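Positions 1 to 139 (UniProt numbering) are the ones given, in order, by the sequence shown.
The beta-carbon is built from N, C-alpha and C at its ideal position, and this holds for glycine as well.
If you're wondering where the values come from, they're calculated on a predicted model, not measured in any experiment.
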Amino acid sequence: MIARPALALRRLAQRVVARRERGSSTIQLVVLLPALFSLMFLGVQAAVMYQGRTIALAAAQEGAREAAGEQGTAASGISAAHTFVSSTTAGLKGTSVSGYRNADEARITVTTHTVSVIPAWKPTITQSASMPVEKVTTG
1 MIARPALALR
11 RLAQRVVARR
21 ERGSSTIQLV
31 VLLPALFSLM
41 FLGVQAAVMY
51 QGRTIALAAA
61 QEGAREAAGE
71 QGTAASGISA
81 AHTFVSSTTA
91 GLKGTSVSGY
101 RNADEARITV
111 TTHTVSVIPA
121 WKPTITQSAS
131 MPVEKVTTG
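Now the structure itself:
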């Protein structure tokens, strides 16, 4: 007879605990799901920005190599950088290239905008590359 009241008391305690936790998974889902999606979108945005940065840097380096050649000019470096960016399918928008060449250095700067998964945000990426100008000297 003693076992039955203990069993009944245990069942009553389980029902009270179950009643207190009713709906807790819904609250957890409402709180954690937006945080999970935010982290996921930030990760995707970071990857897209990294890709855009890498392509802009590669274009600037390509333009600087072209401009630093013995017969190179700033215009040929800018053209090479534009050609490099347009040959990729990276989703870069509004790309502008500027540069200069003097007697010692050629420098190309690429500025572009990447695609954004975050509404109303337009990330801008600027990358520059410089190289010494090739000079032919006699021994």
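Does the distance from the C-beta atom of residue i to that of residue j stay below 8 angstroms?
i    : j    : result
Q51  : S116 : no
G77  : E70  : no
A106 : S130 : yes
A64  : I108 : yes
I118 : F41  : yes
Near residue i, which residues of its chain fall below 6 angstroms by C-beta distance, leaving aside the five closest residues on each side in sequence?
i    : result
V110 : A56, A59, A60, A81, V97, Q127
Helix, strand or coil for residue i, going by three-state DSSP, please let me know.
i    : result
A103 : coil
T111 : strand
I125 : strand
S96  : strand
P119 : coil
A6   : helix
Between the C-alpha atoms of residue i and residue j, what's the straight-line distance to the nearest angstrom?
i    : j    : result
M1   : R15  : Low per-residue confidence applies at M1: pLDDT is 49, beneath 50, and the placement is therefore not dependable enough to give any value.
H113 : T138 : 45 angstroms
G94  : V85  : 11 angstroms
Q91  : R53  : Looking at the sequence shown, residue 91 is not Gln but Gly. Approximately 12 angstroms, taken between the alpha carbons.
R10  : P34  : 38 angstroms
V136 : A74  : 19 angstroms
T83  : L39  : 35 angstroms
V30  : G99  : 51 angstroms
Using a Cβ-Cβ cutoff of less than 8 angstroms, which residues in the same chain neighbour residue i once the five nearest sequence positions on both sides are dropped?
i   : result
K49 : In the sequence as presented, Lys is not what sits at residue 49; that position holds Met. The residues are T114, P123, I125.
Spatial neighbours of residue i within its chain, please: C-beta separation below 7 angstroms, excluding the five flanking residues on both sides.
i    : result
V133 : A68, R101, A103, D104, E105, A106
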